[in-house]
Amino acid sequence: MRRTLALLISGSIVALGVTTLMLTGTLSDAIRPVDYTLRTVRDTGAINAVTAILFDYRALDTLGEATVIFAASSVLAFLAPRSSASMLSVRLSMLILYGIAFLLPFIMVFGFGTIVFGHVSPGGGFTGGVMLSSSVVIFAVVYSVGGQQSYVLPILVKKYVENAAMFVFVSLGFIGLFSGGAYLANALTGIPLGEPGSLLSGGLIPLLNIATGFKVGMGLALIIISLFAE
Amino acid sequence: MLAPTILTGAIVLTGCAFYGLITHRHMIRLVICLNILDSAVLLVIVLLGYEPDAAAPIVRQADLQYVLGLPHALSLTAIVISACTTALMLGYAVRVHRLRGTVYVDRLTRWRG
Amino acid sequence: MIGVAAFQAVTPFGPGLLGLGQAAIVDDAAVLTAAGFLVFCVFAALFARESGRERTRGRRLLFRAGVALQLLAATTLPFAADLLQFFILWELVSLGAVAILLCESGRLRLLRIYLPIQIAAAVALIVAIALHSVAADGLLLPASGGLAAGQPFALFAVLVKAAVFPLHIWMVQTYPRVSPASTVILSAFGTKSGVFAAYRLLPGLAGLELFGALSALLAVLYALRQRQLRPFLTFHIASQIGYMIAGIGGVAAASQLAGVYHLSNHVMYKGLLLMTAAVLVRRFGTEDMYTIRSHGASTNGPLFAAALIGALAISGVPPFNGFVSKALLKAHAGSAASYWLMVAASVGTAMSFTKFLWLAFLGGHIHKGVQDEAAPPLLKRWSGPAELTAMGALATLCISMTVLPVFLFPELQLAYPFSRASIIAGLWPAALGCAGYFLFYPQLLRVFKLLPDGRPAGQVSLEFARGVIRTMRSLHSGDLRDSIAWMLTGLILVWLLTLVL
Amino acid sequence: MTTSQFPVLLIAIPLMLVPVAFFVSQAKLSVRGFAIASLGLVAMLAYAPLVAALGFGLVLPLEARMGGWGPELGIVLMLDPLAALLLPITNTIIVLGAAIGFPAGERTPIPYFPLWFLLAAGSNGLIVTSDLFNAYVFLEIIAICSHALVAYRGDGYAFESAFKYLIAGLIGSAFILWGIIALFAATGALSLSVIVDRLPGAPPALVAAGFSLIVAGICVKLAIVPFHSWKPDGLTGAPPSSAGAISGVVLSAVLVLMLRVLVGLGGIGGPAQTLSAVSPFPVILTFLGAVSVVVGHSMALVQGRLTRMLAYSSIGHFGAMLLALALVTPAATAAVVFHGANHAVLKSGLFFLCAAAATERGTDRITGLSGYLARRPLELAACAILMLALVGLPPTVGFASKWAMIVEVVRAGGIVRALLIGGGSVIAVVYYLRALHTMIWDGAPRQLPDLGDPRARVTRLALVVGAGYTLVGFVGAGFIFAVASSAVSVLLGGPQ
């Protein structure tokens, strides 16, 4: 009964969607969105168009999604009991333990690099942040949540970093408001955009990248560690 | 044509997610279905910016054909939001399981009418 | 057509009643109705004379006055051409009914139901008449086509007065609660005046046909559930009125005339059935079919014959008058839906009269789930000679009135109602109903429990609202998946409407 | 810094306050005092545009271009009269809700005040944004905060409510996201002002799909029948103060989004009439609204718990608003805005009262609250005034807005709609009177209120504010209606 009903309902939604698709034809008839790619360099100094959109044109969205991560991490940290559960019941072999210990710094460095070079190469605050958090998570998986919390980054430190990053992000927006006439403004503030393609380019974008990277990294780490602890 | 096929696939994926949302009673499965739903939207968003034989939008040469950047930025935002809400749902599900002793939504029904 | 002038003479006051001085409408329908009322009233009075002996002297006078008033008003009403005259005659019919009700023991309770309803109908009718007089600039009823304006009000008045199914509750509340002889009298005039008013004021109104057919079926379902004799027959009045309204709502003039013909037939066979019921009630002291059953009434041959003829006539079995008029109604049905609704109602009618005969006369078995009751002591008397005469005359009419279509529908030339196809079409629903009673009645009883009761309208609507809210509550199951399903259904709805509109 | 950048302060300041509150808590200072003071500051900021526009001649649609980019490239925030009317209301509700719901005595839940900050940021953002994707992001922020506020009491039922609420809310968000993407695919733009220009040349089927998905998603968020059944369940396990804030703030913010999408984009009416010559949305909204009025009010009639009764009654009220909205006349739309603003105040006020009562009695069952109001004249008066206003009886602002709605509906020819709205009010009289009767006369009055609890004082303040608005608003109804009318006329002019 329920299955038949479900089949009917989802089937009609699929039918409606496909009908819309067929009525629309190929999307080439539709109006194409603005092509940011060619004006990115001129407007922002960053050569990675995706990063430029995320941290300049639509930076408010990014602020919003960073807020979502923040909210989720603080709610989950509240939900999780403060227990130090081990992720795996069997101890891993020494080879893995040492191997991971060897790899972890590289993962972190790679993460930092992705954040810092986000405006000139593929990557950005989010990607790099996820890498950072993954290093924390790998540590927790291999060496138990408790060990991770006591040795690498205690929860409080993570929260400090996350809050500080959020503060920095919002404050960077205010720079634009006070000196450029618009919140989250970049080129308008008078900050030199630098030579496109070099590390010191893109005005405020690298700074926002770094703030976001820390925030995402710590936020996701908090979320995942909290879920482990559950 | 690539695009209509994948778009149809995304719509069918949505249908699958809806089917699962109505039939499954395990909370984790509901969460997975919502994830599938989000993935279908993400597929469409990414597809909107896709062009055959275009480069990734990192502008090193002015005369090259690049993929549109905006859908990528949107999908990145949507992915993050989807991940966060998934984590939240899982957290609530675990708490409900711990406090109410069941993982089935139809056993939860305390309030009728 | 037939002897219009003769009937003009017979009609007590003649067409120019009350000095309003408008030319009367004298057509087949009016003559048929007036003649039916007149003939029926003669025999009904004969029946009531013997049956109503227990009344005191003063009451008897009031009763006779009421019967006379109803007869005079009802026989004149069909000829009225002036709307004001029409309205006054309509009111006089009600007034006669009030006089009859005043002779009964529970008169206050009866009038509390009867009067407000009649007053509401009268107010609606006068509003309709006022609207028509403004639109048509005069009080004269057009010879054909009905009112020019104010149809909604007239419709309400007619549906209430004629006791069409959802508005029939007042009838069920009053008719079975008076003495048996009064039921026979009351059943003829009041509601039938309403039906005739529908013929005059709203012939061929859009949607009326389907509505009438539907109400015929629904009322039969209610009737099928009854075990008390007179409530059972009263619900059947509502059902038969549904047929008449369906005919009058038809576009063709022949269909409307067939509705009136069914009216006249109905007066005969329903009078006959109510008379047998009156005798049974008096003899056994109870209305309950299941109690009467334990005695078996078939020992009285004439009574059984009368009941059988009435039952066959109302079930539309050839060659009785009910068959002919029902065949005509079905032949002129405007849509397949109303045709099949009428057929279904015929099946239900046949089924319920099978039950009536089987239980009350043949002492048949009782289905499971029905309680048998201890029988009260019997009274000695069956029917007296005057009563038997009246019943015999009506039974004769039930057969002889089958020739009337020859005069009413000359173009049919007797072909239609008596063709083989139409006889089969009349027989199979009856046979189906008869068989259905023996096969499915217990299952049907369970279905009937779902129907709302025939209680006063306020209570019924309260029950309805409660049922709606109960349904809504059960839909809010608290299951998350159900709410998701509802959301998706809503999405489909919105999307579909956006695409379609 | 220019005046036009003002709207962003309403988003950025609450966001900025979140880390500041964290640092304050780490410095062992009183988070509670800090948080309430700063939320109050935000609320005062929210009053500023309305006051400035009325008293100091501020020209209202304030257009804040984020990063200096126009609607084609970036995100533009619009503070139009609609936002100026609703912002003070939502922000006041947030301050009062945060103060009332603060769990005294228990261990302070860590994210409690940050959630209110984020709720303020999210709802302000949703009210002022004119970019669809940005609206989606803010919608998600609101969703996460409100679910967490539903859950924060921390028992199994609270989490059950939160889980149901979250799943339903996310399905709504998914609908909205699909719709936004469909509109984006059709027009290549995300900003409402650009979309409205490009709609005529867009593929109609895709536009229709986008609109219907967005409308369906908004209906999920507004709990319109048949999208509604999560709402009573989602609010039952919640602390009533959170439920009040959610009813007041979230519903108002989503109503603004609905008006922006439907009226602003020409989905119903509007000079642009961009969708088509005959838009299908009046029919759809009429249908949904009629069903909502009937189901909402009649289900409220049979509820045994006060929160569920209020939740169902909200469904009925929004149904009435949809009925009026579907008439497409500017005056009716203005009446809807007026009623939406009133509904937020009145419903939150009753929820706050319910919160106080439920805290004292430990239950929100109406029978369990018998005699609660007997020796509390202030609460009694406020409760009676608020209920009168929700029913729509004079001398209250609820009467003014409902009357405006009915008059405009009748003027536009919708007699049946007016009867439905009026019939809903008649049912509402029955259930509110029953609840009021039980809370005044049934049962013996128990102990008197404990004035030592700061939350009780805040609740009284909230009730005084709500009842005061209800009475003063009745006198100034014409004034509020004028603001709503100008809001609608700006909206109909299309986003600039």
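Protein chains in written order, with this note's numbering: chain A, 61 to 290; chain B, 6 to 118; chain C, 2 to 502; chain D, 13 to 508.
Note that beta-carbon positions come from the ideal geometry of N, C-alpha and C, so glycine has one too.
Within 10 angstroms of its Cβ, does residue i collect 16 or more other Cβ (buried), or is it exposed?
i	result
Phe-145 of chain D	buried
Ser-258 of chain A	exposed
Val-169 of chain A	exposed
Gly-273 of chain A	buried
Trp-190 of chain D	buried
Glu-464 of chain C	exposed
Gln-38 of chain D	exposed
His-309 of chain D	buried
Pro-79 of chain C	buried
Val-357 of chain D	buried
Asp-83 of chain C	buried
Lys-327 of chain C	buried
Arg-429 of chain D	buried
Pro-153 of chain C	exposed
Trp-81 of chain D	buried
What separation, rounded to the nearest whole angstrom, lies between the Cα atoms of residue i and residue j?
i	j	result
Ala-431 of chain C	Ala-396 of chain C	19 Å
Pro-215 of chain D	Thr-79 of chain A	13 Å
Arg-77 of chain D	Gln-17 of chain D	7 Å
Leu-287 of chain D	Thr-104 of chain D	A caution first: Leu-287 of chain D carries a pLDDT of 40, below 50, which makes its placement in the model unreliable, though a value can still be read off. When rounded, the distance between both Cα atoms is 37 Å.
Thr-104 of chain A	Gly-262 of chain A	5 Å
Gly-195 of chain C	Arg-467 of chain C	33 Å
Ala-69 of chain C	Ala-391 of chain C	18 Å
Arg-472 of chain D	Phe-196 of chain D	48 Å
Ser-153 of chain A	Val-197 of chain A	18 Å
Where do the N-terminal and C-terminal ends of the alpha helix (DSSP H) with residue i fall, by residue?
i	result
Leu-304 of chain C	302-315
Arg-165 of chain D	Premise fails: Arg-165 of chain D is in no alpha helix (DSSP H) and is neither H nor E.
Asp-95 of chain A	Where Asp-95 of chain A is concerned, there is no enclosing alpha helix (DSSP H), given that its DSSP letter is neither H nor E.
Arg-320 of chain D	318-337
Thr-403 of chain C	Neither: Thr-403 of chain C is in no alpha helix (DSSP H) and is coded neither H nor E.
Pro-319 of chain C	No alpha helix (DSSP H) contains Pro-319 of chain C, which DSSP labels as neither H nor E.
State the start and end residues of the unbroken beta strand (DSSP E) segment that holds residue i.
i	result
Val-76 of chain D	The question names Val, but residue 76 of chain D is Ala in the sequence shown. Run containing Ala-76 of chain D: 74-77, per the beta strand (DSSP E) assignment.
Met-90 of chain D	88-91
Please list the partners that residue i has in chain G, where partner means a Cβ-to-Cβ separation under 7 Å.
i	result
Leu-244 of chain A	This model lacks chain G altogether, as its protein chains are A, B, C and D.
Taking 7 Å as the cut-off, is the C-beta of residue i nearer than that to any heavy atom in the ligand ADP?
i	result
Thr-249 of chain A	The ligand ADP is not part of this structure, which contains no ligands at all.
Counting only Cβ-Cβ distances shorter than 7 Å, please list the residues of the region 68-85 of chain A near chain B, keeping chain order. The residues in question are Ile-69, Ser-70, Gly-71, Ile-73, Val-74, Gly-77, Val-78 and Leu-81.
Determine, using beta-carbon pairs with one atom in the region 114-129 of chain C and one in the region 153-166 of chain C, whether at least three such pairs fall under 8 Å. Three or more Cβ pairs drawn from the region 114-129 of chain C and the region 153-166 of chain C lie within less than 8 Å of each other, which places the two stretches in contact.
What are the residues of the region 43-75 of chain B that lie near chain D, defined by any Cβ-Cβ distance shorter than 7 Å? Answer in chain order: Asp-43, Val-46, Val-49, Ile-50 and Leu-53.
Using a Cβ distance threshold of 8 Å, determine whether the region 334-353 of chain D contacts the region 243-253 of chain D, with at least three qualifying pairs required. The region 334-353 of chain D and the region 243-253 of chain D do not touch, with fewer than 3 CB-CB distances between them shorter than 8 Å.
Could you name the residues of the region 462-477 of chain C whose beta carbon sits closer than 7 Å to any beta carbon of chain B, in the order they occur along the chain? So the close ones are Arg-474 and His-477.
Listed from N- to C-terminal order along the chain, which residues in the region 8-26 of chain B have their beta-carbon within a distance smaller than 9 Å of any beta-carbon of chain A? For the region 8-26 of chain B, which is checked against every Cβ of chain A, the residues closer than 9 Å are Ala-8, Pro-9, Leu-12, Thr-13, Ala-15, Ile-16, Val-17, Thr-19, Gly-20, Cys-21, Ala-22, Phe-23, Tyr-24, Gly-25 and Leu-26.
Output, in sequence order along the chain, the residues in the region 482-499 of chain C whose CB is closer than 8 Å to any CB in chain B. Taking 8 Å as the Cβ-Cβ cut-off against chain B, the residues of the region 482-499 of chain C that qualify are Arg-482, Ile-485, Ala-486 and Leu-489.
Mind checking the region 84-95 of chain B against chain D and listing, in chain order, the residues whose C-beta falls within less than 8 Å of any C-beta there? Within the region 84-95 of chain B, the qualifying residues are Ile-86, Cys-89, Thr-90, Leu-93 and Met-94.
So, does the region 105-114 of chain C touch the region 177-185 of chain C, judging by three or more C-beta pairs under 8 Å? Cβ pair count under 8 Å is three or more, so yes.
For the region 95-112 of chain B, enumerate the residues whose C-beta is nearer than 7 Å to any C-beta of chain A, in chain order. For the region 95-112 of chain B, which is checked against every Cβ of chain A, the residues closer than 7 Å are Leu-95, Gly-96, Val-99 and Arg-100.
What are the residues in the region 30-43 of chain B lying within 7 Å of chain A by C-beta distance? Result list empty, no residue passes.
Assess, as a yes-or-no matter, whether the region 216-225 of chain A is touched by the region 269-289 of chain A under the definition of 3 or more beta carbon pairs within less than 8 Å. Contact holds: three or more Cβ-Cβ distances are below 8 Å.
Give the residues from the region 236-267 of chain D that approach chain B closer than 8 Å (Cβ to any Cβ), ordered along the chain. Listed in sequence order: Pro-244, Asp-245 and Thr-248.
To be precise: take each residue of the region 168-201 of chain D, compare its Cβ to all Cβ atoms of chain C, and keep it if any distance is under 7 Å. Which residues remain? Identification of residues in the region 168-201 of chain D having a C-beta nearer than 7 Å to some C-beta of chain C yields Lys-176, Ile-179, Ala-180, Ile-183 and Phe-187, given in sequence order.
Count the C-beta pairs between the region 30-37 of chain B and the region 9-21 of chain B that are closer than 8 Å, then say yes if the count reaches three, no if not. Result no; under three Cβ-Cβ pairs closer than 8 Å.
Proximal residues, the region 159-185 of chain A versus chain B, C-beta separation under 9 Å: Cβ contacts with chain B: Val-180, Ser-181, Pro-182 and Gly-184.
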